[in-house]
Each structure stands twice: as C-alpha cells, then as structure tokens.
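S.K.:
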Amino acid sequence: MKVAEVRHILDTMGDLFPDAHCELIHSNAFELTIAVLLSAQCTDATVNKVTVDLFQKYKTPLDYVSVPIEELEGDIRRIGLYRNKAKHIQSLCSILIEQYGGEIPQAHDQLVTLPGVGRKTANVVVSNAFGVPAIAVDTHVERVAKRLALAGWKDSVLEVEKKLMKAVPKDEWTLTHHRLIFFGRYHCKAQNPGCQVCPLLDVCREGKKRMKSSVIRKDKDHMRKSKELEMKKRMG
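For the sequence shown, full-length UniProt numbering gives the first residue as 1, with consecutive numbering after it.
1) Around the C-beta of Lys189, are 16 or more other C-beta atoms found within 10 angstroms, so that it is buried, or is it exposed?
2) Could you give the DSSP three-state label for His88: helix, strand or coil?
3) Quick one: give me the first and last residue of the alpha helix (DSSP H) that Gly14 is part of.
4) Which residue marks the beginning of the alpha helix (DSSP H) containing Gly74, and which one marks its end?
5) Between Leu62 and Gly101, which are expected to be in contact by the criterion C-beta below 8 Å, what is the C-beta distance as a whole number of angstroms?
6) At which residues does the alpha helix (DSSP H) containing Lys163 begin and terminate?
7) Quick one, which of Leu148, Asp138 and Phe130 has its alpha-carbon nearest Arg185's?
8) Beta carbon of Leu32, beta carbon of Ile76: below 8 Å?
9) Could you pull the start and end residues of the alpha helix (DSSP H) that Gly184 belongs to?
10) Buried or exposed, going by whether 16 or more other CB atoms sit within 10 Å of the CB of Gln90?
11) Given this structure, state the Cα-to-Cα distance separating Glu161 from Leu96, to the nearest angstrom.
12) Looking only at its chain, what residues have a beta carbon closer than 7 Å to the beta carbon of Thr174, apart from the 5 residues adjacent to it on each side?
13) Evaluate contact between the stretch 35–51 and the stretch 18–26, counting only Cβ atoms and requiring at least three cross-stretch pairs below 8 Å.
14) With a threshold of 6 Å on Cβ separation, who are the neighbours of Val117 within its own chain once the five nearest residues in sequence on each side are excluded?
15) Report the rounded CA-to-CA distance for Met13 versus Phe183, giving the unit in angstroms.
16) Please give the ranges of any alpha helix (DSSP H) in the stretch 35–59, keeping only runs that are unbroken, at least 4 residues long and fully inside the region.
17) By DSSP, does Ser27 sit in helix, in strand, or in coil?
18) So, helix, strand or coil for Leu201, using DSSP?
19) Just checking my contact of Ile9 with Leu148 at CB under 8 Å: how many whole Å lie between their CB atoms?
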C-alpha cells in the first residue's frame, strides 16, 4: 500500500476517533497487567465490572498470593476462563515478588516470560504504562488491518503486527493501535461493518466486495419481484 493511502487511513481514523484510548480501567502498570490478562476472550466492559471491586480488594502482588485460589476464582468468576486466569495471576504475582521486587518489569522480553502474558499483553503494558511505542494486535486490529489491506488475509498475528509497524510511523504506533481498536469495535464490526457509511470504503477491499454483493442481491430481488408481478398480471 502506498504511503499516501496509509496516511489517508490514519488521518481518517483520527478524525473519527480523536480520543481513542485504552478502555481498561487501571491506575498503574500492575493493575493494567492484571486487567489485560483478564481481558483474553472477554470484553473490556466485563473486565471493568469485575476490576472495580477486584482492585479495591487486591492492591499488591502479595494480596493476590495471600488468598486461597478458590477465593480469587470467586472474585473473577464473571470472567471467561476464570480458573486458568486465577492460576496465572497468582503465579505471575509470585514471580513479581521473587524476581522483580513486586513491580511490573518494563522490558518487553521480561514481560512475555510472565504467566498469562503474551506478546499482545506485553505490548499493551509497555505502550500504555511505560510510554514505549507498540502496536498490540487484538481481534479488532487484525480484522481492520486485513480488510483495509494493511496486512494479508492469511497473515499471522505477528505478521500483522510487523506490517503495521512498517507502514505506520513509530511515533504513531500506540495511538494507531487505539484507533484501530475503536474503529473495529464501534464501526467496522465483524458482522455488520457499516460499509455504506464508511469514509474508508474507497480503500477497503472487503467493503467494496460487500457493497458489490449487496448491489447484486438487490438486483436479483428486484428481478424476482418484477417476475412475480408480471405473473400476477398474466394470471389476473
């Protein structure tokens, strides 16, 4: 994709979502890490409903490891895969206490060694908590990037990330990550992407395909209705 087209996409998303941001409620790097870990296969809205009480009860890594695993499971029960996530949280907190003085490490390569923390989670933490430019690829980012041909249909999550990092100026990585999420979450949805009113339809291969299919369906419906009307006239 040409530089001018990428610029058009970034600017358009900026106009649509100038205040795009991380919607997981947190007050520090530790809370953010826990929130992102909980958000796997779960909506940010649901996570926020759980963490509003969770973060009042558990302030430090020591708090999490000081309760029975069953108690922590009960506190996050509304979250999908809560049993596995409770185990990850306690294991993560133990490592933070033993190896990092109870603090979240700022280095990406250290973050990804923590239980329950993958590349996406690490990217979210370093970019939002520590100001390090990064593009975390979640389901929204992946879907939008592929529809807009910023990445290939068969690209892996890592390949999508690398292509976005190459196409987007480094000082815009984090903001672009947030805007891609907002664009995918509130406009370019998985099932009903709103192509008819999309300001990026001119550069969206998926949108053009959907609109063309829509026109064909309408033409077929029109032809079918015309034939039915003609038959009624003949029979009448």
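Here a beta-carbon is modelled for each residue, glycine too, at the ideal position from N, C-alpha and C.
M.R.: Inspection of the coordinates gives the following:
1) Exposed, by the Cβ-count rule.
2) Of the three classes helix, strand and coil, the one that applies to His88 here is helix, per DSSP.
3) DSSP places Gly14 in the uninterrupted alpha helix (DSSP H) bounded by Val3 to Leu16.
4) For Gly74, the enclosing alpha helix (DSSP H) begins and ends at Ile69 to Asp75.
5) The beta carbons of Leu62 and Gly101 sit about 11 Å from each other, so the pair does not count as a contact at 8 Å.
6) Looking at the DSSP string, the run of the alpha helix (DSSP H) that includes Lys163 is Val157 to Ala167.
7) Comparing alpha carbon positions, the residue from Leu148, Asp138 and Phe130 closest to Arg185 is Asp138.
8) No. Outside cutoff.
9) Unbroken alpha helix (DSSP H) run through Gly184: Trp173 to Tyr186.
10) Label assigned to Gln90: buried.
11) Their backbone Cα atoms lie some 28 Å apart in a straight line.
12) Excluding sequence neighbours, Thr174 sits near Ser127, Pro133 and Ala134.
13) Cβ pair count under 8 Å is three or more, so yes.
14) Correct list, in chain order: Leu111.
15) Answer to the nearest angstrom: the Cα atoms are 7 Å apart.
16) DSSP runs (the alpha helix (DSSP H)) wholly in the stretch 35–59: 44–57.
17) The three-state reading of DSSP puts Ser27 in coil, since its state is none of H, G, I, E or B.
18) In this structure, Leu201 counts as helix in the three-state DSSP scheme.
19) Contact holds; Cβ gap of about 6 Å.
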